[in-house]
Amino acid sequence: MMKFYDCATAPSPRRARMVIAEKRVEVETVQIDLRSGEQFSDAFRAVNPRCTVPVLVTETGEALEGNAAIARYLEAVFPDPPLMGTGPVEQARVAEWTWRAEFDGLVAIMEVLRNSSKAMEGRAMPGPDAVPQIPELAERGRARAERFFPVLDARLAAAPWLAGDGFSVADITAFVFVEFAAWVKLKPAEDLTHLHGWLESIRARPSAGM
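Our numbering puts the first residue of the sequence shown at 6, with every later residue one more than the last.
In structure tokens form, the structure reads like this:
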């Protein structure tokens, strides 16, 4: 059985948990307590020297670090249901919107949290190295995230899912961004009706509770 290194309170591994749930894959889950610094332990460094989660260790012992690698592997090994598109255009749209949701969404919120939270003082970047906070990056991240909500709404006015007709990892990535944004008291405006309808559709999926 594959082994999944997780942190139940962190947004990044939630993306992988949702992919695992959508693919209906059984894994052994190992919780890593980020708040206590368990990711910096010798035991976890042996799994991932970058000291980050998520990590998926395959049945052959390959340690796959990060959401891109985990989703790509699971899509190849468990193609049904498809989460990375079923044709050239849809596959390209999945890649496009996953990147946008990461860069304009999750990275922006991470800038806010890591550069403003007292609990993350000296840890403004993930990984083993100490990095000082830059308050201006928190302000920029907040502005980026706020601008991205209407962009998502406009896309969802044109298609039921971000990549088109099929639910994908792009939707998972953007969904986790929107819910993570609430951690820094950012929420989409009520008049973004397409975005709110899409959120409710995903929240009704069993994987959203993972």
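C-beta: ideal position from N, C-alpha, C; glycine also.
Problem set entry | Buried versus exposed, by CB contacts within 10 Å (16 or more), Gly202 | The residue labelled residue 202 in the question sits at position 197 within the sequence shown. Taking all protein chains in view, the Cβ of Gly202 is surrounded by fewer than 16 other Cβ atoms within 10 Å, so the residue is classified as exposed.
For this session: Within 10 angstroms of the Cβ of Met6, are there 16 or more other Cβ atoms? Answer buried if so, exposed if not.
Result: By one-based count along the sequence shown, residue 6 stands at place 1. With fewer than 16 Cβ atoms within 10 Å of its Cβ, Met6 is classed as exposed.
Exercise. How many angstroms separate the CA atom of Ile75 from the CA atom of Asp85?
Worked result: For the purposes of this step, residue 75 is identified with residue 70 of the sequence shown, where counting begins at 1. For the purposes of this step, residue 85 is identified with residue 80 of the sequence shown, where counting begins at 1. Going by the C-alpha atoms only, they are around 15 Å apart.
Problem set entry | Straight-line Cα distance separating Pro93 from Glu33 | Translated into the one-based positions of the sequence shown, residue 33 becomes position 28. Translated into the one-based positions of the sequence shown, residue 93 becomes position 88. Roughly 34 Å separates the two Cα atoms.
For this session: Locate the alpha helix (DSSP H) running through Lys28, then write down its first and last residues.
Result: Counting from one through the sequence shown, the residue named residue 28 turns up at place 23. Counting along the chain, the alpha helix (DSSP H) containing Lys28 begins and ends at Pro16 to Lys28.
Exercise. Quick check: the stretch 176 to 183 against the stretch 130 to 149, are there 3 or more CB pairs under 8 Å?
Worked result: no
For this session: Measure the Cβ-Cβ separation of Gly146 and Glu116 and say whether it is below 7 Å.
Result: Counting from one through the sequence shown, the residue named residue 146 turns up at place 141. Counting from one through the sequence shown, the residue named residue 116 turns up at place 111. Their beta carbons are under 7 Å apart, which means Gly146 touches Glu116 by this criterion.
Problem set entry | Under 7 Å between C-beta atoms of Leu79 and Val35 | Position 74 of the sequence shown holds residue 79. Position 30 of the sequence shown holds residue 35. It is not a contact, given that the beta carbons lie outside the stated cut-off.
For this session: State yes or no: is the C-beta of Ser173 within less than 7 Å of the C-beta of Leu69?
Result: The count along the sequence shown starts at 1 and reaches residue 173 at position 168. The count along the sequence shown starts at 1 and reaches residue 69 at position 64. Not closer than 7 Å, so no.
Exercise. Is the beta carbon of Arg160 less than 7 Å from the beta carbon of Ala113?
Worked result: In the sequence shown, residue 160 corresponds to position 155, counting from 1. In the sequence shown, residue 113 corresponds to position 108, counting from 1. Cβ distance not < 7 Å, so Arg160 and Ala113 don't count as in contact.
For this session: Measure from the alpha carbon of Ala213 to the alpha carbon of each residue in Lys190, Glu95 and Phe185, then state which is nearest.
Result: Position 208 of the sequence shown, counted from the first residue, corresponds to residue 213. Checking every option, the nearest Cα to that of Ala213 belongs to Phe185.
Exercise. What number of angstroms, rounded off, separates the C-alpha of Trp102 from the C-alpha of Glu64?
Worked result: Against the sequence shown, residue 102 aligns to sequence position 97. Against the sequence shown, residue 64 aligns to sequence position 59. When rounded, the distance between both Cα atoms is 30 Å.
Problem set entry | Cβ neighbour criterion (16 or more within 10 Å) applied to Pro18 | The residue labelled residue 18 in the question sits at position 13 within the sequence shown. Its Cβ being crowded by 16 or more others within 10 Å, Pro18 is buried.
Exercise. What three-state label does DSSP hand Trp68 in the structure shown?
Worked result: Here residue 68 refers to the residue found at position 63 of the sequence shown. The sequence given here has Ala at residue 68, not Trp. It is a strand residue.
Exercise. Taking Cβ to Cβ, would you say Ser121 is nearer than 7 Å to Ala143?
Worked result: Taking the sequence shown and counting its residues from 1, one reaches residue 121 at position 116. Taking the sequence shown and counting its residues from 1, one reaches residue 143 at position 138. Result yes, Cβ atoms of Ser121 and Ala143 sit closer than 7 Å.
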